[in-house]
Amino acid sequence: MRTLFRIAGWSITLGALAFLTLTTANAADDWTISGMVLSPNGIISDGAIAVSKQMIADVGPSASIPSSSSAIEVPGIILPGFIDLHDHLTWNVLPRWIPARKFNNRYEWQDTAEYDRALVAPHNIVLADAACETEIYAEIKALAGGATSVLGGLLADVKHPDNAKCVASLARNLDTASGIPFNKPNPDPKDSVCPTDATIDRTVLDVVENDVFPLELMHGRMDFLLCELKAGTLRGMVVHLSEGAPTDSAAHREYTMLSKEILRQKDLKTGVESAIEREGLILIHGTALRDLDFKGMKESKVGLVWSPRSNDELYGSTVNLAAAHLADIDMAIAPDWSPSGSAGMLQEMGYAARHYGVKSDDLIKMATSTPAKMARISDYVGSLAPNKFADFVVVNVTVDPTKPTALDPVVKATPADIALVVVGGQPIYGDPALLTQLLPTGTAVDQMTVCGATKAIYLGQSEAGLRGWGIADIKKALNAALAKGSSSLPDIECD
476 MRTLFRIAGW SITLGALAFL TLTTANAADD WTISGMVLSP NGIISDGAIA VSKQMIADVG
536 PSASIPSSSS AIEVPGIILP GFIDLHDHLT WNVLPRWIPA RKFNNRYEWQ DTAEYDRALV
596 APHNIVLADA ACETEIYAEI KALAGGATSV LGGLLADVKH PDNAKCVASL ARNLDTASGI
656 PFNKPNPDPK DSVCPTDATI DRTVLDVVEN DVFPLELMHG RMDFLLCELK AGTLRGMVVH
716 LSEGAPTDSA AHREYTMLSK EILRQKDLKT GVESAIEREG LILIHGTALR DLDFKGMKES
776 KVGLVWSPRS NDELYGSTVN LAAAHLADID MAIAPDWSPS GSAGMLQEMG YAARHYGVKS
836 DDLIKMATST PAKMARISDY VGSLAPNKFA DFVVVNVTVD PTKPTALDPV VKATPADIAL
896 VVVGGQPIYG DPALLTQLLP TGTAVDQMTV CGATKAIYLG QSEAGLRGWG IADIKKALNA
956 ALAKGSSSLP DIECD
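Residue numbers for the sequence shown follow the working numbering, beginning at 476 and rising by one.
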């Protein structure tokens, strides 16, 4: 991920000049904002964050930050950027899908003509006609909900190598373009660390792998990924599993299979069974899991991503929260996709608060530090601390740090309250006045209406900027493609 513009100084590639007018030339890479800050140790009422290039240089009370005297003050509260570990970004240009009935498992709804007509057909068309625009708009939508890191975006392949350009420089794509230090596995099947049969796919694109069990994971591929996970080359491995109604035996059987294959081992001499630690392994959905399953996950250090809205819409229920909490597993929250889930991270957090009574403090951890821990990327993202990436979001709400429910206004907020999003030190989205204040004088930004509020997006460093696209161009291309499938681009939902 490249940072091309910064508050008081910038660098730029010539290709990005297609639609930008710039008047500032020489300045530093360092800048500071001040305001209320959610630090790892709690809320700092009068805080500041000093940014140097892509990183947080310092964070703390304003009086302790030398550069705070020249800081730009922001409203509300500054939070770590939200980390979305469960999404299918290219589907997020489609309207909400409300099926006529609830289903027992994912195989049922994926096999309906209604799903094919409402989602699959227009999705295929939009990927064929406007794949890059689809990814870029989906990332803007994620930013609008406060996400700075995402998973499940557009993938490049032999026929579409340019897709790789479309996932760079907006949100942090953990599975394709994370910017986190990463050494690709040795492609040689005879590699001494993780050897495989010559027929096994040894591709790992970035620090987090995203798969569906058992459909996409053959035994040889699974063994290879688990080896790379243990070696630390792969930091996180996300597996969609046991998605369905809590009583569905087919959905539950997936976890039983996975547990038997990779989470449990039996001593051949004593016959005693024990857990295999799989730190970095993350399960998605898990709606059909039972009490003992959560206990097994805890023993194996396996985390879970909870997507309540999509689960409720498709199956009429979600994860057994009481059992999951009793087992004390690590649990993150994420929206799944906007056709049946929420339009973004903030909206999903609000849904969980309203419908399941989850406390705001817990929800914010489930969107920041916990997913970072689960994916083993907490050295780089997930909290506001020195030497981590400057990934943060400003939510313009009134927070009273003296109250035990101080963070409730955050999870009650809507995308209209997202005042600023910064990814890797790059101010990229937010209220027009604040965003332009953080960019060099004369930098062009696009404007869009989100939940009744005017927001600005800086596209200059992205593939959209390189191709000279504005938000209007992107929407026009998407609507033209979607119309062929009798669909249209929906507004970003507010809750």
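C-beta: ideal position from N, C-alpha, C; glycine also.
Since the structure is predicted, the reported quantities are computational estimates derived from the model, not experimental observations.
{"Asked": "Please determine, among Pro890, Gly755, Ala797, the residue with the shortest C-alpha to C-alpha distance to Ser817.", "Found": "Pro890"}
{"Asked": "Please report the straight-line C-alpha distance between Lys634 and Ser542, rounded to a whole angstrom.", "Found": "49 Å"}
{"Asked": "Determine whether the beta carbon atoms of Ala643 and Val625 lie at a separation below 7 Å.", "Found": "no"}
{"Asked": "Whole angstroms is fine: what's the gap from Lys834's alpha carbon to Arg942's?", "Found": "44 Å"}
{"Asked": "How many whole angstroms separate the CB atoms of Val897 and Ala865, which I take to be in contact at a CB cut-off of 8 Å?", "Found": "6 Å"}
{"Asked": "Hey, is the region 799 to 810 in contact with the region 770 to 789, meaning 3+ C-beta pairs nearer than 8 Å?", "Found": "yes"}
{"Asked": "What span of residues does the alpha helix (DSSP H) with Tyr904 cover, start to end?", "Found": "Note, Tyr904: premise wrong, no alpha helix (DSSP H); beta strand (DSSP E) at 901 to 905."}
{"Asked": "May I have a chain-ordered list of the alpha helix (DSSP H) segments no shorter than 4 residues that lie completely inside the region 526 to 608?", "Found": "581 to 584"}
{"Asked": "Please return the same chain residues whose Cβ sits closer than 8 Å to the Cβ of Lys863, not counting the five positions on each side in sequence.", "Found": "Met530, Ile531, Asp854, Tyr855, Val856, Gly857"}
{"Asked": "Is there contact here, the region 845 to 854 with the region 877 to 888, by at least three beta-carbon pairs under 8 Å?", "Found": "no"}
{"Asked": "Residue range of the alpha helix (DSSP H) that Asp837 falls in?", "Found": "835 to 842"}
{"Asked": "Could you pull the DSSP bridge partners for Ser749 from this structure?", "Found": "Gln740"}
{"Asked": "Do Thr651 and Gly556 have their beta-carbon atoms positioned less than 7 Å apart in this structure?", "Found": "no"}
{"Asked": "For the region 755 to 765 and the region 720 to 729, state whether three or more C-beta atom pairs, one from each stretch, are separated by less than 8 Å.", "Found": "yes"}
{"Asked": "In this structure, how does DSSP classify Phe699 when only helix, strand and coil are distinguished?", "Found": "helix"}
{"Asked": "Buried or exposed, going by whether 16 or more other CB atoms sit within 10 Å of the CB of Met693?", "Found": "exposed"}
{"Asked": "Is Lys878 buried or exposed, if buried means 16 or more other CB atoms sit within 10 Å of its CB?", "Found": "exposed"}
{"Asked": "Restricting to Cα atoms, I'd like to know which of Leu895, Ala619, Ala631 is closest to Cys607.", "Found": "Ala631"}
{"Asked": "Report the rounded CA-to-CA distance for Ala955 versus Leu618, giving the unit in angstroms.", "Found": "24 Å"}
{"Asked": "Pick out whichever of Asn580, Pro550, Ala947, Ile558 has its Cα sitting closest to the Cα of Asn786.", "Found": "Asn580"}
{"Asked": "Please classify Ala937: is it buried, with 16 or more other beta-carbons within 10 angstroms of its beta-carbon, or exposed?", "Found": "Here the sequence assigns Ser to residue 937, which means Ala is not the residue at that position. Buried."}
{"Asked": "Are Arg710 and Val682 closer than 7 Å when you measure CB to CB?", "Found": "yes"}
{"Asked": "Using 10 angstroms around the beta-carbon of Gln432, count the other beta-carbons present and answer buried if the total reaches 16, otherwise exposed.", "Found": "Only positions 476 to 970 of the chain appear in the structure, and residue 432 is not among them; the question remains open."}
{"Asked": "What are the boundary residues of the beta strand (DSSP E) that Phe769 is part of?", "Found": "Phe769 -> not in any beta strand (DSSP E); alpha helix (DSSP H) instead, spanning 766 to 774."}
{"Asked": "Report the rounded CA-to-CA distance for Glu748 versus Gln740, giving the unit in angstroms.", "Found": "6 Å"}
{"Asked": "Taking buried to mean at least 16 other C-beta atoms within 10 Å of its own C-beta, is Val549 buried or exposed?", "Found": "buried"}
{"Asked": "Following the continuous alpha helix (DSSP H) through Met824, name the residue where it begins and the one where it ends.", "Found": "820 to 831"}
{"Asked": "Cα separation between Ser545 and Ser527?", "Found": "14 Å"}
{"Asked": "CB-CB under 7 Å to His706, same chain, minus the five flanking residues each way: which ones, in chain order?", "Found": "The displayed chain sequence assigns Ala, not His, to residue 706. The residues are Val668, Cys669."}
{"Asked": "Let's test the definition: count the other Cβ atoms within 10 Å of the Cβ of Ile553 and tell me whether it reaches 16, buried, or not, exposed.", "Found": "buried"}
{"Asked": "Compare the beta carbon distance of Asp892 and Asn871 with 7 Å and say whether it is the shorter of the two.", "Found": "yes"}
{"Asked": "Buried or exposed: where does Ile573 fall if 16 or more other Cβ atoms within 10 Å of its Cβ makes it buried?", "Found": "exposed"}
{"Asked": "Note down, in chain order, each residue of its chain lying with its Cβ closer than 6 Å to the Cβ of Asp505, except the 5 sequence neighbours on either side.", "Found": "Ser527"}
{"Asked": "Just to check my reading of the structure: Asn648 and Gly621 have Cβ atoms closer than 8 Å, yes? What is that Cβ distance to the nearest angstrom?", "Found": "Not confirmed; about 16 Å, so no contact."}
{"Asked": "Is the beta carbon of Pro536 closer than 7 Å to that of Ile519?", "Found": "yes"}
{"Asked": "Measuring alpha carbon to alpha carbon, tell me which of Lys959, His727, Cys926 ends up nearest Tyr582.", "Found": "His727"}
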